[in-house]
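Here the protein sequences come in this chain order: A and B.
The first sequence: position 74 = 630 (my numbering), numbered continuously.
The second sequence: position 12 = 309 (my numbering), numbered continuously.
Don't be surprised by glycine CBs; every beta carbon is placed ideally from N, CA and C.
Here's the structure, in structure tokens; my notes come after.
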Amino acid sequence: MTDAALSLTNVTKRYGAFTAVDDLSFTAERGRILGFLGPNGAGKTSTLRMVLGLSEATSGTLNVLGAPDGRSVRDRIGFLPEERGLYRRMTPIEAIVFLAGLKGVPGPVARKRAIAMLEEQGLGEAQNRQIRQLSKGMAQKVQLIAAVAHEPELVILDEPFSGLDPVNQQTLEATIRGLAQRGATVVFSTHVMQHAERLCEHVVLLTRGKKVFDGSVAEAKGRAPRALVLEGQLDAAATGALPGIASVTSTPLEAGGQRHVCALKANASGQEALKKAFAQGLDIQRFELREPTLHDAFIVLTGEQLDQPEMAA
Amino acid sequence: MRRLLRIAQREYVAYVRTVGFWLSMLALPLGMALLMGASGWMEASAPPPALVLIDQTPGQVYLAPVTQALTTRNNIGRPRNEVVAPPIALPTDPAAIGPALKPWLAGDSRLAGKRKLAGAFVVHGAGEAVAVDVWTDNPLLGATESVRRAIAGRMTQAKLEAAGVSPKLLADAQALEPKMTDFSPKAAGKASLLTRLPGLIGFGAAMLLWSVIFTGAGILLNGVIEEKSSKVLEVLLSSATVPEILFGKILGVAGVTFTVLGVWGGVGAVLMNIFAPEQAAGIGQVLFSGGLLFYFAFYLVCGYLMYASVFTAIGSFCETTREAQTLLGPIMILLTIPVIFLSQALRRPDTPALEILSWVPPFTPFMMTARAASGPPMWQVVATGILMLATVAVVMWIAGRAFRAGALSTGKVDLKGLVAKLRGGE
């Protein structure tokens, strides 16, 4: 018996002539956090909808907590959709009790949990106000609580960080870690790599419906080169001629001069390039040896640039 | 079932909490009380129309019978008109009387007590050449007819007396009239309000069914549009099956509608038992005999399920009422057709048009409800019932697919797009 909470094998989803998900396979281990990454339109939401049983795969097989899709195990799944939605005239407690009730939690238990979780998220005073009177961030917290109040084994969060300010993003990251510590498997989609980098052990990268990477964050970052960043009055040609430099991307600085991001060759440490630059007397005002990020890895793996929305520090 | 009931409960509570629900609950009884009170008050407080009657015939032989005819009493014991003296000295030329009274007839001048002169009757001529000039801008049809009959009667009497008919014989002859009795073939006896009640109740029930379906489906439509626009539907779909959501909503709103109907019906029944116990007993007898109540319940459930499913499915594609209106056009036309034909069902429940429409499933609930009281052939009741049940099943199946596709859809959907989504299932 596999220890996977979720696995997809050669799953394809087509809408007419358009292929939203193309031959996708991956596995989410129980009790782990899996980042499901890709730019907008990569096929993340389509995949999650198939997992939940909201739409059917054109081909391929899914295994969701031992079932062919989420429909027969919906009480064991928590879902936060990309577009948040709650009954505006309900209070947070009513909304949580109602949605947890649909998942089989008795009213008094759900109510008790709702109060505790709202207090934990700093929403104790807002628990009896109508949701339409809450701020967007507060409403999103309420929705997340509603999605997990039944203590699901598998938590699916579709773009959970979108629309949250940096403080709330950090709070949400802590909540997701808490869910995993409790033993839940968390699958969250995002197009902001920083969250995945901080939260996940395992990431699946998707672009235009196709999987381009499936493995650990360290492995993904290993696919991208380290970079030497040089700033000052030096030109791209001189920078590119330094030893161990594979390529240079230059951008002008507001205060004058250039910022050169130099991708290092596979075995280059960057030390040689720096020594040579100083030996040549190049005008370097600032330098930095930068480890690759997941964002860098994504660009290398897909050749696409990601949006960079608001991020937590 | 647990989820279905929870969704139904939420729907019910959400609507019962609104001010609109309580306003709806109170609107009909208050409206009816106001209407009845207002019409009674108007009838009781408004003075009868003031009329001037001038008899220029020799001996003024028409003055007394015409005055009597104009001042007969209505059902609350008030005279229908009041014959008043002319406000000025009138000319002798009949053609000049109207112009002389014009300021009073036009309302520029008033009679004593600030009353308006409603009209003037000038009877002139003699013998068999009696004429009546009626001066008025108001529709005095009842009064004019009374005057015509009174004068015609008096003229006939004069003619017969001149021919030698004795006044007693004449009075006896005028008193002659046949004894008219209405019989009901169904009741095998005299027709009464009770024998006519089934037809009236059928018509009333069909109209009630129409308004209940229309109101309930409308509530559902608006509720689903709100859920779609606030993105709640996707959350629900991840928590319950499409039938659970669909039926939960339909059940919840049905609960709201029947609560209102129940309260209205209960209050109405109590009031009728107090103020009109005979009619109340009659209605009860009709409803609880001959299976009428069962028919009404059956057609109400089928009709409600059919239209509520369609409205809910349409709502799932729309984020605004305006979007819904474009998709609802054909259904609204369908819903108006029964209303046009229902009034015919009251007078002639077995006309071919009604019979044909009874076989069209979207109209079956209304038409058969209206016809049920007149006892249509049992094979028609059974066959149209089976046809309607099959249609309800198909409509609900399609509505389920549409609801699922609509709940997950984004952007505007026109009729063509809706059909495409239905065929694709998503």
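Residue i (DSSP reduced to helix, strand or coil)
i, result
"D721(A)", "coil"
"W432(B)", "strand"
"L518(B)", "helix"
"T805(A)", "strand"
"C599(B)", "helix"
"E524(B)", "helix"
"V748(A)", "coil"
"P388(B)", "coil"
"A740(A)", "coil"
"Y643(A)", "coil"
"Q841(A)", "strand"
"Q846(A)", "Sequence inspection shows Arg at residue 846(A); the Gln mentioned does not correspond to that position. In the structure shown, R846(A) sits in a strand (DSSP, three-state: E or B)."
"D625(A)", "coil"
"L784(A)", "strand"
"Q864(A)", "For Q864(A), the pLDDT reaches just 49, beneath the cut-off of 50, and the residue's location in the model is therefore unreliable, leaving the point undetermined."
"F614(B)", "coil"
"G634(A)", "strand"
"D770(A)", "strand"
"E541(B)", "helix"
"L562(A)", "strand"
"S536(B)", "coil"
"G703(B)", "helix"
Contact set between residue i and chain A, taken where Cβ atoms lie within less than 8 Å
i, result
"V529(B)", "G641, L642, Y643"
"L331(B)", "Per Cβ cutoff of 8 Å: no residues; L331(B) is ~31 Å from chain A at best."
"R300(B)", "L658"
Amino acids of chain A, ordered along the chain, whose beta-carbon sits closer than 7 Å to that of residue i
i, result
"A537(B)", "L658"
Pairwise C-alpha distance: residue j and residue i
i, j, result
"A537(B)", "L658(A)", "7 Å"
"F318(B)", "G572(A)", "44 Å"
"G565(B)", "P384(B)", "50 Å"
"L534(B)", "F635(A)", "10 Å"
"I630(B)", "F660(B)", "12 Å"
"G501(B)", "S640(B)", "10 Å"
"D469(B)", "S586(B)", "47 Å"
"V313(B)", "I571(B)", "29 Å"
"R375(B)", "P345(B)", "8 Å"
"Q864(A)", "V316(B)", "In this predicted model, Q864(A) has a pLDDT of only 49, less than 50, meaning its place in the structure is not dependable; the value taken from the coordinates is given anyway. Each residue's alpha carbon lies about 46 Å from the other."
"L755(A)", "L562(A)", "18 Å"
"F582(A)", "L564(A)", "5 Å"
"G461(B)", "A670(B)", "57 Å"
"M867(A)", "H751(A)", "Because M867(A) sits at a pLDDT of 42, beneath the cut-off of 50, its placement in the model cannot be relied upon, and the following sentence gives the value as read from the coordinates. Between M867(A) and H751(A), the C-alpha separation is close to 8 Å."
"Q827(A)", "L784(A)", "9 Å"
"L713(A)", "F744(A)", "4 Å"
"A703(A)", "M673(A)", "12 Å"
"R446(B)", "N435(B)", "20 Å"
"L568(B)", "S321(B)", "19 Å"
"N371(B)", "S342(B)", "14 Å"
"L632(B)", "M664(B)", "12 Å"
Residue i: contacting residues in chain A (beta-carbon distance under 9 Å)
i, result
"L705(B)", "R605, L610, S611"
"A311(B)", "Y643, R645, M646"
Proximal residues of chain B, C-beta to C-beta of residue i below 9 Å
i, result
"F870(A)", "Because chain A in this structure spans residues 557 to 869, residue 870(A) falls outside the shown range and cannot be described."
Interface partners of residue i on chain B, CB under 8 Å
i, result
"F654(A)", "R303, R307"
"R630(A)", "S535, S536, A537"
### Query
With a cut-off of 8 Å, do at least 3 Cβ pairs link the region 348-365 of chain B to the region 405-422 of chain B?
yes
### Query
Curious, which full-length beta strand (DSSP E) runs of at least 3 residues does the region 552-611 of chain B contain?
none
### Query
Using 8 Å as the threshold, is the region 645-655 of chain A in touch with the region 723-734 of chain A, meaning 3 or more CB pairs across them?
no
### Message
Ignoring anything shorter than 3 residues, give me the beta strand (DSSP E) runs that lie fully in the region 347-431 of chain B, in order along the chain.
### Response
347-352, 379-381, 414-421
### Message
Please give the ranges of any beta strand (DSSP E) in the region 658-741 of chain A, keeping only runs that are unbroken, at least 3 residues long and fully inside the region.
### Response
710-714
### Inter-stretch contact at 8 Å, needing at least 3 Cβ pairs: the region 575-591 of chain A / the region 760-775 of chain A
yes
### Task
Examine the Cβ distances between the region 619-633 of chain A and the region 773-789 of chain A and report whether three or more of them are shorter than 8 Å.
no
### Message
Under 8 Å, with one C-beta from each stretch per pair, do the region 602-621 of chain A and the region 660-674 of chain A reach the 3-pair mark?
### Response
no
### Message
Three Cβ pairs or more, each shorter than 8 Å: is that satisfied between the region 501-519 of chain B and the region 600-609 of chain B?
### Response
yes
### Query
So, do the region 829-843 of chain A and the region 787-794 of chain A have three or more beta carbon pairs nearer to each other than 8 Å?
yes
### Query
Are at least three pairs of beta-carbons, each pair with one atom in the region 725-735 of chain A and one in the region 635-650 of chain A, less than 8 Å apart?
no
### Query
Which whole runs of the alpha helix (DSSP H) in the region 435-475 of chain B are 4 residues long or more, in chain order?
438-459, 464-472
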